[in-house]
Amino acid sequence: MSILIKNGHVVTAAEDFVADVYVEGEKVVAVGKNLPYKAEREIDATGKLVFPGGIDPHVHLDMPFMGTFSSDDYETGTRAAMFGGTTTVIDFILQTQGDSLHNALKTWQEKSQKAIGDYSYHMAVTDFNDQTAKEVVQLIKEEGITSFKTFMAYKGALMIDDGQMVQLMKIVKEHGGLVTVHATNGDMIDSLIAKNKALGNRAPLYHYLSQPEVTEAEASARFTDMLHYTGCPGYIVHLTCEGALNAVRRATLRNQNVFVETCIQYLVLDASLYEQDFNGAKWVMSPPLREKKDQAALWAGLNQNLVNVVATDHCPFTWEQKQMGKDDFSKIPNGHPAIEHRVELLFSEGVVKGKISLPKFVEVISTNPAKIFGMYPHKGTIAPGGDADIVIFDPNKKHTISAKTHNMRTDYSGYEGWEVTGKTETVLLRGQVAIENGQCHLKPGHGKFIKRKPN
Ligand code: URP
Ligand code: ZN
Ligand code: ZN
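For what it's worth, the working numbering labels the leading residue of the sequence shown as 921, then goes sequentially.
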């Protein structure tokens, strides 16, 4: 199949210009003005933005967590992502403590059979030992899994200690991979949770109060110190606050380059949402939402190239699942649904409101995730030879976010009633029309696993 996208406002991380894009099979063949190709299908993109498919490098699909499973699976999650302009996701495989990385990989390979959009995996190492070390090397060399997630919190389930972290960094560095981290001080948080529960403080607000900024700033500094000591490349996921960002800023003073991801919710929502009854459970996630001054630091960090990626940490639960913590904030499954709205919210709150430029928008939703995680230039840009993962986006269309109309498998939205400007209209995934006229045309199983390259 060949497709000619005519006269769109093409945006890459480097520039934006009016041009045609010609696609043949799965690939982009040419980008330029008045292209001379005759295609089987022509799409008029006059007045529309044309940018590379979004890459969300932080999602949790069908993940066992806190006594339940995140409510979107690979089918519903990748479909919802595509409706919002995200064509590739990177999900987290969780090693079960005491078990092998390969067993975990097999479980996730099963889960992802029904993916509609493209996907890759980070491997979460929750139990590092000699056997794990060998498996890490195999995963990088043979499976194309090059990023290894660590948790400095969730003790007893996912957390590793600093000794394990340093050993993991050494082996990952040697083989060209990357260590990513949930950087919060698990011991401090656990003691604050215990203290609040002992005082009878059971509401969602105490989830927030049990994870103060210092718990994230301290762990982020410790992580960057360990990276400095080992020389391993590192990436901090879901960074939320000024204190943690300043830890990264300090690391740059000794010429370190630490990649930073924030998530859309930390840019646009704040902790005042916890000052209500159990309804605040909708935003119980870790780390929690922060203050307005932290939002300001994150927006500035994007323009200072300190924050490289805007992801979602999509970890949805239904309202019924959230009731698990009705009488105890520490039992509320942590996470919120966002995979569908990242691109549109960032455009509306960032580009339309003049906080970031159009190329910066594309850089942080697509190009940087592709570069950092070894998918560039096949993904993350629109250029000859690359995958034709393309979003055609109406920059003026206003619409309202609601659980009644979203495609994620959960019955509430953290953004209910928000009016946003800009809508994903048509999406191509590897040259096939995936989304058009509000319909998804691809079937479960269409999504392809993306093997990634080590550095
Ligand atoms: O609240 C969150 N973030 N849930 C998902 C697990 C994690 O820490 O990323
Ligand atoms: Zn996390
Ligand atoms: Zn996460």
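For every residue, glycine included, the Cβ atom is placed at its ideal position computed from N, Cα and C. This structure is a prediction, so every number in the text was calculated from the model and none was measured.
- Here V938 is exposed. Its C-beta has fewer than 16 other C-beta atoms within 10 Å.
- The nearest non-hydrogen atom of ligand 2 is less than 8 angstroms from the C-beta of H1158.
- The beta-carbon separation of L1348 and D1309, rounded to 7 angstroms, stays under the 8 angstroms limit for a contact.
- The nearest non-hydrogen atom of ligand 1 is less than 8 angstroms from the C-beta of C1235.
- Minimum Cα-Cα distance from M1043 among the listed residues K1075, N1225, S1250 and H978 corresponds to H978.
- Contact between the stretch 1058–1077 and the stretch 1087–1106 is present: 3 or more CB-CB pairs across the two stretches fall below 8 angstroms.
- A residue is called buried when at least 16 other Cβ atoms come within 10 angstroms of its Cβ; W1239 does not meet this threshold and is exposed.
- The continuous stretches of beta strand (DSSP E) do not include E1260, and DSSP gives it neither H nor E.
- For V931, the CB contacts under 8 angstroms within the same chain, skipping 5 residues up- and downstream, are L969, V970, F971, L1278, P1279, F1281 and V1282 in chain order.
- Burial check for R1372: the Cβ neighbour count within 10 Å reaches 16 or more, so the residue is buried.
- Sorting T1144, Y1128 and A1035 by C-alpha distance to the C-alpha of G1367 places A1035 at the top.
- One thing to note: V1092 has its Cβ within 9 angstroms of the Cβ of I1060.
- Rounded to the nearest whole angstrom, the C-alpha separation of Y1149 and Y1155 is 15 angstroms.
- Boundaries cannot be given for N1199, as no alpha helix (DSSP H) includes it and DSSP labels it neither H nor E.
- Secondary structure at M1079: strand, using DSSP grouped into helix, strand and coil.
- In the three-state reduction of the DSSP assignment, F1293 falls in the coil class.
- Three or more beta-carbon pairs separated by less than 8 angstroms link the stretch 987–1007 to the stretch 1023–1039, which places the two stretches in contact.
- For F1143, the enclosing alpha helix (DSSP H) covers residues E1133 to T1150.
- Where Q1352 is concerned, the enclosing beta strand (DSSP E) starts and stops at Q1352 to E1356.
- Around V1271, the same chain offers L1278 and F1281 as residues with beta carbons nearer than 7 angstroms, after the five sequence neighbours per side are excluded.
- In the structure shown, V1045 adopts coil according to DSSP, grouped into three states.
- At least one heavy atom of ligand 3 falls within 8 angstroms of the beta-carbon of G1255.
- Contact check for T1232 against D1011 fails: the beta carbons are separated by 9 angstroms or more.
- The beta carbon of P1253 is closer than 7 angstroms to those of F985, M986, T988, F1237, Q1241, K1242 and M1244 in its chain, skipping five residues each way along the sequence.
- Spatial neighbours of E1336 in its own chain (CB-CB distance under 8 angstroms, excluding positions within 5 residues in sequence) are listed in chain order as I1321, S1322 and A1323.
- In this structure, the beta-carbon distance from D1248 to R1122 falls below 9 angstroms.
- By the criterion of a C-beta distance shorter than 7 angstroms, Q1084 is surrounded in its chain by F1048, once the five residues flanking it on both sides are discounted.
- Counting only residues of its own chain and dropping the five nearest sequence neighbours on each side, N1375 has a CB closer than 6 angstroms to the CB of G1096.
- Note: E1062 is not bridge-paired with any residue in the DSSP secondary-structure output.
- The beta carbons of V1227 and L1165 sit closer together than 9 angstroms.
- Here the alpha carbons of S1040 and E1062 stand approximately 14 angstroms from one another.
- With the rule of 3 Cβ pairs closer than 8 angstroms, the stretch 1290–1298 does not count as touching the stretch 1212–1226.
- Annotation for T996: the continuous alpha helix (DSSP H) segment containing it runs Y994 to F1003.
- DSSP links Q1359 through a beta bridge to E1356.
- The DSSP assignment places 1162–1172 and 1184–1188 as complete runs of the alpha helix (DSSP H) inside the stretch 1154–1218, in order along the chain (cut-off: 4 residues).
- Bridge pairing for R961: I923 [DSSP].
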